[in-house]
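As structure tokens, the structure follows; a few thoughts come after it.
Numbering (full-length UniProt numbering), first residue to last: 1 to 457.
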């Protein structure tokens, strides 16, 4: 891994004109060097933070679990609040960077306050740390007030936490903007989905492992796993395929598909198979209530490694009836006019997942949204050929932009009069709508879009 802008310990210490005296200052300086190295690497290469972090920890095994937690959470904190911090000055200046680290630790109430205090000391800030520490950070406006006190010369607003171009292509009613910003600036919970096990039983087993698990208010099989990171490979329910990690907003898509146990479905852009497994699980649940499972699911993707992962997950869950058909060319990898349902979870800008990936809001640009509509429409149009008369076509993205959502569906319907929209019910609000956007603030989820169409002739 390169280090184009990271400062050595000696350089950073000399820049702030202070030699670290305490153990906390020495540790704080060491953490700061690593975090800055990673932060600059991500900004310069525009590689996702998760990937850069994984590569770094793979190459630097000296970091224990606590070190990794401090580095990871501090790094993501910087990106979460970068819309404010970038207006405060040059982060290449060590005092400024220390002040940013200290402020982000305060507003997120990180438990390593000894390190945060050391960062504040190394920043040589004239602002009293104890006073900052006494401020409330319960709301977004509280956090804004704290950062303004730490950086009194800077000018920034709540809306700066999302890039300016976002508001151009992801319009939302002005009165809902604060709700969206608040959600996008908070860590989302980890959502799971029970399959082949009663969700209440699963929750009890997870709670016995000291996991903060609770049932969803909306779907019988959805489980909120809290916000603490966990090692899934140490959880027997996960290893046995009885629980899958899937955000609640993503689970909305399978619920809208509502597959029956005798139906044949094609998941056209399946990736590693989260929604394929959900469709199969829903078929299994319906089987227990009504008829035997005689249906099937075909999963396709352009990426062979993703389909390999899907196969492993299906085997782990002991799901039959799932087959793989890699989509390699313009030609359909399946028969035309064959399926009761086709799901197109199209590649998109992923603006709805920025809560989990705060770095991407600063790595992407307007083009990330505007350059995908043609591809999305093409995939939707070609996939529609596989829907039989009376069958369903479901289009979904994890984007919040009408450019990738409503406009794509509208363009498709203009070109394909044999399809029409089917009204759907918003699972969180009960509202009837033709095209559904799930906003992150509605049920503490990612953002998602879904529309269901029927082939009439």
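For every residue, glycine included, the Cβ atom is placed at its ideal position computed from N, Cα and C.
Sequence-distant residues of the same chain with beta carbon closer than 6 Å to residue 281, five excluded per side: By one-based count along the chain shown, residue 281 stands at place 281. Excluding sequence neighbours, residue 281 sits near 195.
In chain order, what residues of the same chain have a beta carbon less than 6 Å from the beta carbon of residue 151, not counting five sequence neighbours either side? Within the chain shown, numbered from 1, the residue matching residue 151 stands at position 151. Correct list, in chain order: 88.
Beta-carbon proximity list for residue 78, same chain, < 8 Å, skipping 5 on both sides: Residue mapping note: residue 78 aligns to position 78 of the chain shown, counting from 1. Closer than 8 Å at Cβ, skipping near neighbours: 35, 39, 85, 100, 101 and 104.
Identified DSSP bridge partners for residue 264: Here residue 264 is taken as the residue at index 264 of the chain shown, counted from 1. In DSSP, residue 264 forms a bridge with 296.
Quick check: what's the CA-CA separation for residue 193 versus residue 306? As a working note, residue 193 is residue 193 in the chain shown. As a working note, residue 306 is residue 306 in the chain shown. Answer to the nearest angstrom: the Cα atoms are 20 Å apart.
Can you tell which of 357, 56 and 110 has its C-alpha closest to the C-alpha of residue 74? Mapped onto the chain shown, residue 74 falls at position 74. Measuring from the Cα of residue 74, the nearest candidate turns out to be 110.
Applying the 10 Å Cβ sphere with the 16-neighbour rule, what's the burial state of residue 247? Within the chain shown, the letter at position 247 stands for residue 247. Only buried fits residue 247, as 16 or more other CB atoms lie within 10 angstroms of its CB.
For the beta strand (DSSP E) that contains residue 397, what are its first and last residues? Numbered from 1 along the chain shown, position 397 holds the residue referred to as residue 397. 387-397 is the span of the beta strand (DSSP E), which, as asked, contains residue 397.
Span of the beta strand (DSSP E) around residue 436: In the chain shown, the residue the question calls residue 436 occupies position 436. 435-438 is the span of the beta strand (DSSP E), which, as asked, contains residue 436.
By alpha-carbon positions, which one of 72, 404, 134 and 180 ends up nearest to residue 380? Counting from one through the chain shown, the residue named residue 380 turns up at place 380. Answer by Cα proximity: 404.
If you count every other CB in all the chains shown that lies within 10 Å of the CB of residue 237, and 16 or more means buried, which is it? Along the chain shown, one-based indexing puts residue 237 at 237. Burial call: buried.
I'd like the list of long-range same chain contacts for residue 265, defined as Cβ closer than 8 Å, with 5 residues on each side in sequence excluded. On the chain shown, residue 265 is found 265 positions in, with the first residue counted as 1. 257, 259, 279, 295, 296, 297, 298, 339, 340, 341, 342 and 343, listed in sequence order.
Quick test of your reading: residue 223 and residue 203, contact by CB under 8 Å. State the CB separation rounded to the nearest angstrom. As a working note, residue 223 is residue 223 in the chain shown. As a working note, residue 203 is residue 203 in the chain shown. Between residue 203 and residue 223 the Cβ distance is about 6 Å, and since that is below 8 Å, they are a contact.
With DSSP as the reference, please indicate the residues paired to residue 455 in a beta bridge. Within the chain shown, residue 455 is the residue found at index 455, counting from 1. DSSP output for residue 455 lists 419 as bridge partner(s).
Start and end of the beta strand (DSSP E) containing residue 194? Residue mapping note: residue 194 aligns to position 194 of the chain shown, counting from 1. Residue 194 -> beta strand (DSSP E) spans 191-194.
Measure the alpha-carbon distance for residue 333 versus residue 24 and round it to whole angstroms. By one-based count along the chain shown, residue 333 stands at place 333. By one-based count along the chain shown, residue 24 stands at place 24. One C-alpha to the other measures close to 59 Å.
With residue 50 as the anchor, note down where its alpha helix (DSSP H) starts and where it stops. Locating residue 50 in the chain shown gives position 50, counting from the first residue. Under the DSSP assignment, residue 50 falls in the alpha helix (DSSP H) whose first and last residues are 49-59.
In this structure, how does DSSP classify residue 449 when only helix, strand and coil are distinguished? Along the chain shown, read from residue 1 onward, the residue named residue 449 stands at position 449. It is a strand residue.
Taking C-beta to C-beta, are residue 361 and residue 166 nearer than 9 Å? One-based indexing of the chain shown puts residue 361 at position 361. One-based indexing of the chain shown puts residue 166 at position 166. Result yes, Cβ atoms of residue 361 and residue 166 sit closer than 9 Å.
Going by C-alpha to C-alpha distance, which of 286, 180 and 273 sits closest to residue 220? Locating residue 220 in the chain shown gives position 220, counting from the first residue. If we check each option's Cα against that of residue 220, 286 comes out closest.
I need the straight-line Cα distance from residue 128 to residue 347, nearest angstrom please. Taking the first residue of the chain shown as position 1, residue 128 is located at position 128. Taking the first residue of the chain shown as position 1, residue 347 is located at position 347. Their backbone Cα atoms lie some 48 Å apart in a straight line.
Does the Cβ of residue 458 have 16 or more other Cβ atoms within 10 Å, making it buried, or fewer, making it exposed? As displayed, the chain neither begins before 1 nor continues past 457, which places residue 458 out of reach and without an answer.
Proximity below 9 Å, CB of residue 170 to CB of residue 409: The count along the chain shown starts at 1 and reaches residue 170 at position 170. The count along the chain shown starts at 1 and reaches residue 409 at position 409. Not closer than 9 Å, so no.
Kindly list the residues whose CB is nearer than 8 Å to the CB of residue 255, restricted to its own chain and excluding five residues on each side of it in sequence; keep chain order. As a first step, residue 255 must be located in the chain shown, where it is residue number 255. Around residue 255: 219, 282 and 427.
Taking the alpha helix (DSSP H) that residue 244 belongs to, which residues open and close that run? What you label residue 244 is simply residue 244 of the chain shown in a count that begins at 1. Element bounds for residue 244: not the alpha helix (DSSP H) but the beta strand (DSSP E), 243-245.
Taking all protein chains shown into account, decide if residue 181 is buried (16 or more other Cβ within 10 angstroms of its Cβ) or exposed. If you number the chain shown from 1, residue 181 lands on position 181. Counting of Cβ neighbours within 10 angstroms places residue 181 among the buried residues, the total reaching 16 or more.
Kindly identify the DSSP beta-bridge partner or partners of residue 339. Counting from one through the chain shown, the residue named residue 339 turns up at place 339. Note: residue 339 sits in a beta bridge opposite 387.
Ordered along the chain, which non-local residues of its own chain (more than five positions away) have a Cβ less than 7 Å from that of residue 52? In the chain shown, the residue the question calls residue 52 occupies position 52. Here the set comprises 38, 41 and 42.
For residue 356, which of helix, strand or coil comes out of DSSP? For the purposes of this step, residue 356 is identified with residue 356 of the chain shown, where counting begins at 1. Coil at residue 356, not helix or strand.
Bridge partners of residue 345, per DSSP? Working through the chain shown from its first residue, we reach residue 345 at position 345. 396.
Which class does residue 115 belong to by DSSP, given the choice of helix, strand or coil? Here residue 115 corresponds to residue number 115 of the chain shown, with the count starting at 1. Reduced to three states, the DSSP call for residue 115 is helix.
Would you grab the beta carbon distance between residue 349 and residue 325 for me? Rounded to a whole angstrom, and I think it's under 8 Å. Here residue 349 refers to the residue found at position 349 when the chain shown is read from its first residue. Here residue 325 refers to the residue found at position 325 when the chain shown is read from its first residue. In fact, because the Cβ distance is near 27 Å, the residues do not count as touching under 8 Å.
Which of helix, strand or coil DSSP assigns to residue 136: Counting from 1 along the chain shown, the entry for residue 136 is found at position 136. In the structure shown, residue 136 sits in coil (DSSP, three-state: anything other than H, G, I, E or B).
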